[in-house]
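Heads up, the thing below is written out as structure tokens.
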Amino acid sequence: MIKKRLLLICFWCNIFCWMYAAPFSFLETTVTQPDGSQLTLYASGDEFYHWVHDKDGYTVLQGEDGYCYYAEKNDMGELVPSPFLVGKTSIADTKLKPWLKISKEKYDVRRERLQPLSRTRGMFQPQYASHKKPLNNIVIFISFQDATTFSKKRSVYDSRFNSTTSSTGSLKDYYLEVSYDNLTIQSHFFPHADLEANNVGYVDFHNRGFYRAYNATTNPDGYKTSEESTMREHNLVQNAVDAMRSIIEQEFTPDEIDNDNDGYVDNICFVVQGNSDGWSDLLWAHRWSLYTKECYIHGKRVMDYVFQPENQVTVNTLCHEMFHALGAPDLYHYSEESKTLDPVGAWDLMNSGWCHMGAYMKWMYAGKSWITEIPEITTTGRYSLVPLSQGPDNSCYKINSSNANEYYVLEYRKKEGKYEKNIPRSGLLIYRINTTVSNGNRNGPPDEVYIYRPYGSLVENGFLDEAAYQTNAGAVMTDKTYPKPFLSDDSDGGLRITNLVVENDKLSFDINITTTGVESEQETSSFKIYLESKTLIIHSNELIKDIVVTDLSGKGVMKWDNVTQPISLQQLSSGVYIVSVTLANDTTYQQKIILK
């Protein structure tokens, strides 16, 4: 019995011990040194790894004496404090290098510790809130014995969470817009406070330093290990819920905090007094799970939660974390080595954008309730789109590629409005969906979502801010443009878009469907190739001498000298091929075929 109980404890820890990433760059932070002097530094990163640096990107570490030193790497490749004090060193007189970070191996270890759920995702899912019903978001403010004062009034937080009139937007307003009025999120604050009064929070039993990383000189009470950090954070969260439980239960029924009736509180957010700490994994914005505690409100378990220091309670971050609560993954690469290849950029909330999420994300990760379907184009013709922000009707299309596991999505993005004004420019956005990849792009490449952009490839990032195609009388995306509509294996997917016209709230384009047959390059009245399923049919007034089929690299895969029709291509796998037909008069025709 004891053994079984231990196994269950380990099992549930492995399922729920994970974090989603909330990336930040250049968060200004003031560091007080042992002599009382202050340094203005910056913090960047996500839950898995964040670091402190100066305005020029030189990494800063805290020495055992509590002072800040520029970082360097030792013979083992580890980051260690150099002899050079920050604020007292001229970088030009040193050989220090900027942007020093931990190794990929160490990053992967940290990432693995914080997200083992990905190994069992096929069996278990984190709880997700409903995508259509009204959602009550519980917000609990937390302060500390030596830090009870918040920097902003309660009205500031009410505006960021609930306003529908603020010019800078809010959590509620954003989801009303992107869901096409399907989802209303109302946030409720605890403990209660007058909106125009100084903000107040649950006061914890410990000083703030108890939740910061250990330093022998400046913070001897801090945590020393990741396990100690976990237990301190989970105790803090549980104590805050325990203190607020009776008030919350007086205001809500069980159904009002669990609208999908899955037994879990839909969403709960903790706003922590003070700024983020660049050297602390705990005091940094993140979404995590209370897997070490049994904590309930109205019999509904508190599991997933959002944890944010004051300076990281931005509307953008609130919306990003809420889409995680609704089921969406990140669309940026977690691996430092892969970050030079940005799959989505500023075009989606779940990457680095402060805008709508793409049509595919709305369809796939909002329970198919905001966009109920992505209409499929199957025939050659001219088609039109309205801006995504004006959807859901006629706001996107799906087009199959030559690979059954990948397809294209087209949407019209218009640079206007409270949120879409932040996209790089207006135009037609074309992106590729790889159905064999789950959990977004965090482990990419390959990626679940990849946006095409000028000069982008499998190895080159290209010009991502120019991804939206604008009015063009000629080829927009074909096998002759750069980029081509390449797939995850770099093969041609067969997309052919031309004659793009953008006029106010309407975008129109021509599409030539080639994913089900032959792309004609040298067709004449006396010669033509047809493809029916995987059967090649050639109409020619001349006798055929031979037929050669090659892949796109020019390597021959099939050849016939004595031709009898029809010609079966059943032994070829799906993909793009070149068919070369030489006639008896030595005329050669070449055409591209796409097999599915």
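The sequence shown lines up with residues -21 to -1, 1 to 575 when you count with mature numbering (1 follows the signal peptide of the UniProt record, and there is no 0).
Built from N, CA and C at the ideal position, the CB exists for glycine as well.
The beta carbon of residue 416 sits closer than 6 Å to those of 425 and 427, all from its chain and outside the five residues before and after it, given in chain order. The beta carbon of residue 203 sits closer than 7 Å to the beta carbons of 193 from its chain, once the five residues preceding and following it are set aside; these are given in chain order. In its chain, beyond the 5 residues on either side, 172, 174 and 178 have a beta carbon closer than 6 Å to the beta carbon of residue 133. In this model, residue 519 and residue 360 are separated by some 28 Å (Cα to Cα).
In this structure, the alpha-carbon of residue 144 lies about 20 Å from that of residue 301.
If you draw a 10 Å sphere on the C-beta of residue 150, you find 16 or more other C-beta atoms in it, and that means buried. Among the bridge pairs identified by DSSP, residue 413 is matched with 385.
In terms of Cα proximity to residue 450, the closest of 182, 404, 469 and 430 is 404. Looking at the DSSP output, residue 308 bridges to nothing. A Cβ-Cβ distance of about 12 Å is found for the pair residue 526 and residue 536, leaving them out of contact under the 8 Å criterion. DSSP places residue 63 in no alpha helix (DSSP H) but in the uninterrupted beta strand (DSSP E) bounded by 58 to 64. Judged by DSSP secondary structure, residue 168 falls within the beta strand (DSSP E) whose first and last residues are 164 to 169. By the beta-carbon neighbour count (other beta carbons within 10 angstroms, threshold 16), residue 195 is exposed. Separation of the CB atoms of residue 243 and residue 280 is rounded to 5 Å, and the pair is thereby assigned contact status at 8 Å. In this structure, the alpha-carbon of residue 153 lies about 8 Å from that of residue 335.
Following the DSSP letters along the chain, one finds residue 216 inside the alpha helix (DSSP H) bounded by residues 205 to 230.
Around residue 452, the same chain offers 478 as residues with beta carbons nearer than 7 Å, after the five sequence neighbours per side are excluded. Distance from the Cα of residue 278 is smallest, within the candidate group 44, 227 and 408, for 227. DSSP places residue 466 in the coil class of the three-state scheme, outside both helix and strand.
The alpha-carbon separation between residue 116 and residue 454 amounts to approximately 48 Å.
Secondary structure at residue 445: helix, using DSSP grouped into helix, strand and coil.
If only uninterrupted alpha helix (DSSP H) runs of at least 4 residues are considered, those enclosed by the region 121 to 193 are 133 to 141 and 150 to 157. Residue 136 holds the alpha-carbon nearest to the alpha-carbon of residue 120 among 521, 112, 304 and 136.
Assigned with DSSP and collapsed to three states, residue 560 falls in strand. Going by beta carbons, residue 456 and residue 474 fall inside the 8 Å limit.
Under a 10 Å Cβ-count criterion, residue 3 is classified as buried, with 16 or more other Cβ atoms of the shown protein chains found around its own Cβ.
Check the Cα spacing between residue 85 and each of 430, 406, 313 and 337: the tightest is with 313. Residues 118 and 285 of the same chain have their beta carbon placed closer than 6 Å to that of residue 248, with the five preceding and five following residues left out of the count.
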